[in-house]
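Here's the structure we're looking at; comments come further down.
Number of protein chains: 2
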Amino acid sequence: MNDTNETIRSLFEPESFAIIGASQDPRKIGHTVVRNLLSGGYKGKIYPVSPKGGIVLGQKCYADIREVPGEIDVASIVIPAGSCVEAVRQCAEKGVKNVQIITSGFSETGNRRDEDEMVSIAASSGMRILGPNIFGMFSARASMNSTFSATGILHGNVAILTQSGALGIAMIGKTAVENMGLSAIVSTGNKCDIDEADLLRYLISQDETKVILMYMEGVKNGGDLIPVLRETAKTKPVIVIKSGRSKRGAMAAASHTGSLAGSDGIFDSIMRQCGVIRAGTLEEAFSWAKFLALCPKPGGDRGVIVTNGGGIGVMATDACEKYGVELYDNQDVLKYVFDSATPSFGSTKNPVDITGGAMAGDYELALSAPATSEYMDATMALYCETATFDSENLAPMIRDTFKKHRAAGKPIVYAIVGGESVEKAMVQLKKENIPVFNDVEPAVSCMGTAYRYFRYREQITGDFDMADIDVDRINRIIDGVVADGRNFLLTNEGQEVMMAAGITIPGSAIAKNIDEAVEKAEKMGYPLVMKIVSRDIIHKSDAGGLALNLENRDEVVAAFEAIMFNCRNYNPEAVIEGVELAEMVSPGLELVVGAIRDGAFGPIVMCGLGGIYVEVMKDVCFRSFPLNRREAASMVSEIRSYPLLMGVRGEKRKDIEGVIDAIIKVGTILKKCDRITDIEINPIVVYEQSKGLKALDVRILLKKS
Amino acid sequence: MNDTNETIRSLFEPESFAIIGASQDPRKIGHTVVRNLLSGGYKGKIYPVSPKGGIVLGQKCYADIREVPGEIDVASIVIPAGSCVEAVRQCAEKGVKNVQIITSGFSETGNRRDEDEMVSIAASSGMRILGPNIFGMFSARASMNSTFSATGILHGNVAILTQSGALGIAMIGKTAVENMGLSAIVSTGNKCDIDEADLLRYLISQDETKVILMYMEGVKNGGDLIPVLRETAKTKPVIVIKSGRSKRGAMAAASHTGSLAGSDGIFDSIMRQCGVIRAGTLEEAFSWAKFLALCPKPGGDRGVIVTNGGGIGVMATDACEKYGVELYDNQDVLKYVFDSATPSFGSTKNPVDITGGAMAGDYELALSAPATSEYMDATMALYCETATFDSENLAPMIRDTFKKHRAAGKPIVYAIVGGESVEKAMVQLKKENIPVFNDVEPAVSCMGTAYRYFRYREQITGDFDMADIDVDRINRIIDGVVADGRNFLLTNEGQEVMMAAGITIPGSAIAKNIDEAVEKAEKMGYPLVMKIVSRDIIHKSDAGGLALNLENRDEVVAAFEAIMFNCRNYNPEAVIEGVELAEMVSPGLELVVGAIRDGAFGPIVMCGLGGIYVEVMKDVCFRSFPLNRREAASMVSEIRSYPLLMGVRGEKRKDIEGVIDAIIKVGTILKKCDRITDIEINPIVVYEQSKGLKALDVRILLKKS
């Protein structure tokens, strides 16, 4: 483990770097990589490798990597796909620590064989592989630019991991436009070996990296990624763009738990669980990353909007609600703080409206107030271009008030709307890494994202809760199912699993005679239902073998006699095994609770509104398992139907603790019984607080053998 | 009516323009307005008015507007608020057609008295008032810039109506940055007289205006606005930004219909009904307006994505789903059309991936294909910056392929991601009004908005459907309620209104003796419930005055006897009026159907998921009434629970036609009975197709007297 970490560290901070396929031809990638390493200021040893030998950009070229005299931390491979397996073998022989395979033409085009072979060669020598099908990487700490595409990458605090090469290169361009410095950018490509989890483990402890931005298309080993993401988000914001929301669609699973999830529903829920912020667009991702890289933790929830226009102030108020930014509303304090900065026809209410007559000096005054006031924690400053404003003072005013907020350790964002001069000011200030936007929503969304992240950090607890279930009993049930050649459980088997996990099911018992019937009915409680049990009587109702709504001992006695009499009359040949007594389930709130083994993320638990609403409302929520009670509780409170559990229209609060228990129980079953792939309880009827739940219908599926 | 239209035309196309408060002092608004009129190239007569007389910017200044020799189409008033009433009076005397009151300090600061007086003075002479509290307006046709703030406004095809002055001025600045030409911009301010409806009536028929962009904070007379918006959207896209989503909150209404609506829910639904496109941000509004001003109507739904990167292609696919852009997927045709433009390791599937090696020439080839192919209707072109691309050819390639699409009458949008040179190309191309963006979502959202608008236009029908209801009977019921001093209807009164409207309620009858009971039961059908009717017996159940689930004549007879016997025993003094027979309602899907009289928009109908889910799921939809069956049907299909009506899990389709009938019936009641303010049927139980609905619980409120 430690060794692996050390190896990945050497990927980011190599002391020596070989390029297999180095070339004297400036049009070749094997030339560009060497040139970029040199021009990027890489200080380690550079070893070009090419059978042609000679000199590449002043560096001695080796015919074979095994001839290189010293140790090699990283070898970049840029030769044609057909020669890569052999090159990887030679690297392994040489004891190279990491290879970056830029070459494409492997699993992404269906050539899985060569890719697998390279992985197995590398594994046997402890060597790690980045790629293949990548554009290389950049690491600020080592001033190492081993990409074939980008030059002049700015050093800074954001690390980018990208699965798309084309988008990654374009993003590097965008970082220059936005003046967003990078601590690293890594092209992950086919992720045949090194994946996001490996890279994050290094970035967690790397001081330069303040924010991590990931572009992902798919998750290969989510079970490994989840704990690393959780760990990373404890100290550094992680922003992810994941495409393919619409593409991958619902999983071909037999249960609703599976089909409801789709991959994106699960991905989204799990990112939230891990404290990862999901961006919808590149613009959002970049704005948030830049902002969070420099954003101080707000001291509290008291946000204030300062504006020179009412309309834009209302738009910001709307955006605050959308992005979860609370607005401070103690009118006395607001008046006290802003009175001197606000003309009489303005407003000291929040939004504070310093009116269209405000000049830069008025903004200075108004924006310095929240920076120094102990009553305010975050500022959103809005400016609409006016005819009278001293526009040459706009940028200096923003610089100054930004500095004051920074000095006070408080976040501030600016939205400025107007013509050419406003646009120019914005572009310039953005380059100075001051969060200025030309629309309200991107400004407020940055602030909201910061709040969301820091709120998440405050809630983190490391524990997991597992339920105490009878695993042996469940395994014995599964043994029986497997022996029977099935991969699904029958109703009674599912009910027995519920019992083994301590999830209540409706009471049921078989009685062979009146005395047993009375004894079991008294134990079960009333009202109850009685049904004939006989393989020879299919239509129980037609046979008079059914009695509903029995409310006491006498009715049970009478019903037993009537059922026996009717059924013997109906079919005198029938072999009668007895009479089943079943609890009549009283109505309650119908939820669905389930667990599935996701191909990418492993055990997932789910809860939501059940019954017929399950597919229609899709009001369900997912989490990776294991989790703790607090997380399970947040899951329950995330579903839209949560108010139904809290009690609406004078109804009492439902047994939410019972729902949390049930979630942890089904999760524990799935976790501890690895032959189970799907558990779905729908509906599970929830009663009033402390009155419990009842699992009415249980579906359990096993791995196909 | 015609006169009014003519007056508003003269507001946009005045032949003469007076400025009350004209000034020689360049720092005064009364100077700037004259200067802007002159510098904007206004060709009509300009009459500065000021008691000081003299010359303002070369124009003779009159001491009193009544001294001006000719007719005056528009007078702009820029004097202090205290003198405005008198100035309006003088304008009315002079016979001025329109006044623009720039001055503020009226209803927006609580001074409603002066504002009302100005309105009444104007009304008496047929003069119209724009404002007060505005920055003026601009009209390209008259080259009239009567604002006090903006110069050099570009002439073009977008008309802006803005309720916020500050934002309006800032937007003018933004139009210059974006090179978005305006046909008009009007500051509506307090809308004391002229409102959006008046202005739209002019803009509908004005050729220069291709798109209308409105910023609104509130709606004053929605009943007037709705038909004008509908009419406008038939030929011109209308984009609206409405702020205050979070602020105005739920209306203080007694019924759920009211409180659920909030104003924003109603606003949003009605805009959709009118074909108006609602933008969430300024950026969106501007992008969409610019795009729609030039966008040809797509010939069909066959969109195609051309990209040089897989990642960005997937992002665009996601965005297409989000914004309703269909992607063409006939693989054979795609291969045929794109084969020559796509390298073997690319993909002719949609997204068409011409790979990271694509040069400008390859893009030319690939993007010319859909322009000329009869199989494709709309193109989304994506470019990720690459190291090898000939970037000096990027802008020319885009210009050329844009021109080809334009020539073929097909829409195209571009998203280009990368560094400084890409950013520069984007800024330049935007100025040429080519739809180029630096992120995927804004590009695709433009295309989606165009599709949404043109799809709406295809669905327009002008008819309204009204229900045949017994208005006299309802009015008699209301007379009784009013006479009783109530503003709410009792249960039986509400049920009678339902009957008068032809909405089925559960059967119910009172029987005074056994024969009546049997007769009425036989008529009503089984199963049914019987209850004692006596003012002296409150707790019917305790008294043995209740019998459930009666299934035939014999049970009715037995139950009648038992109830009478029990109740006479329970309270021998009780006056017994008879026994109520009530239908036992079988379970079905519980919806809510209602109608309210909205303060801003007038009659509104509503439907959604009912029962206990109504507040929790907020799965409701609104429309302005009257409407036609098609619109009512679209309303039903918009709710998330629609699949429940279509039948899930093997259930049959429900009586959707009955729901549509019920919506039109409650709307008709509200429309025709103007004392009613709220009708809410919750739940209304919906059965299988053609099996009808039953209104279980009806709440009807009247206007407070």
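As they're listed, the protein sequences go chains A and B.
Using the working numbering, you'd call the opening residue of the first sequence number 733 and step up by one each time.
Using the working numbering, you'd call the opening residue of the second sequence number 733 and step up by one each time.
The beta-carbon is built from N, C-alpha and C at its ideal position, and this holds for glycine as well.
The stretch 879-896 of chain B makes contact with the stretch 904-922 of chain B, as at least three CB pairs between them are under 8 angstroms. Beta-bridge analysis with DSSP links F1354/B to M1338/B.
The Cβ atoms of N922/B and E847/B lie closer than 8 angstroms to each other. Annotated as proximal: M1047/A and S975/B, with beta-carbon spacing under 8 angstroms. Taking a Cβ-Cβ threshold of 9 angstroms, none of the residues of chain B is close to E1420/A; the smallest such distance is about 15 angstroms.
Listed by position along chain B, the residues whose Cβ is nearer than 7 angstroms to that of F1077/A are T841. Residue contact check for A902/A against chain B: a CB pair falls below 8 angstroms.
Between L1359/A and I1210/A, the beta carbon gap of about 24 angstroms keeps them out of contact (Cβ cut-off 8 angstroms). Take the alpha-carbon of I1408/B and the one of I1432/B: they are about 7 angstroms apart.
Residue contact with chain B for R1372/A: present (Cβ-Cβ distance below 8 angstroms to some residue of chain B). Taking the Cα positions, E1254/B is about 7 angstroms away from R1285/B. Across the set M1349/A, P1075/A, R1267/A, the C-alpha of P1075/A shows the shortest separation from the C-alpha of T1087/A. In the three-state DSSP reduction, T1133/B falls in the helix class (H, G or I). Within the same chain, E1117 come within 8 angstroms of G1151/A by CB-CB distance, once the 5 residues on both sides are set aside.
Judged by pairs of C-beta atoms under 8 angstroms, the stretch 942-949 of chain B does not touch the stretch 1028-1037 of chain B, as fewer than three such pairs exist. Q1063/B does not reach chain A, its nearest Cβ partner there being about 16 angstroms away, counting only Cβ pairs nearer than 9 angstroms. With fewer than 16 other CB atoms across the displayed protein chains lying within 10 angstroms of its CB, P1304/B is exposed. Measuring C-alpha to C-alpha distances from D757/B to each of A750/B, R741/B, P780/B identifies P780/B as the nearest.
For V909/A, at least one C-beta of chain B is nearer than 8 angstroms to its own C-beta. Around the beta carbon of K1272/B, 16 or more other beta carbons sit within 10 angstroms, so the residue counts as buried. Against chain B, the beta carbon of F880/A has neighbours under 7 angstroms at A1119, listed in chain order.
A distance below 8 angstroms separates the beta carbons of L1425/B and A1394/B. 8 angstroms or more divides the Cβ of I809/A from the Cβ of T841/A. Within its own chain, the residues whose Cβ lies closer than 8 angstroms to the Cβ of C1299/A, once the five positions on either side in sequence are excluded, are I1264, S1266, I1269, A1275, G1276, G1277, A1306, I1308, listed in chain order.
Below the 7 angstroms Cβ cutoff, chain A contributes G1043 as neighbours of Y947/B, in chain order.
Chain B places no beta carbon closer than 8 angstroms to that of D1387/A, leaving this residue out of the contacts. Contacts between A1241/B and chain A, judged by CB atoms closer than 8 angstroms, are missing: the closest CB pair is about 28 angstroms apart.
Pairing V831/B with V820/B gives a Cβ-Cβ distance under 8 angstroms. Short of 6 angstroms from the beta carbon of A1332/A, and not among the five residues preceding or following it, lie these beta carbons of its own chain, in chain order: V951, G954. When 7 angstroms is used as the limit between beta carbons, S975/B is near these residues of chain A: G1043, V1046, M1047, D1050, in chain order. Under the Cβ criterion of 8 angstroms, E1347/B is counted among the residues facing chain A. Using a Cβ-Cβ cut-off of 8 angstroms, R845/A does not count as an interface residue toward chain B, since no Cβ of chain B sits closer than that to its own. Between I1209/B and chain A, the shortest Cβ-Cβ separation is not below 8 angstroms. Burial is judged here by how many other beta carbons sit within 10 angstroms of a residue's own beta carbon; N865/B has at least 16 and is buried. In the three-state DSSP reduction, I1044/B falls in the helix class (H, G or I). For G1180/B, none of the residues of chain A pass the 8 angstroms Cβ criterion, the least Cβ distance being about 13 angstroms.
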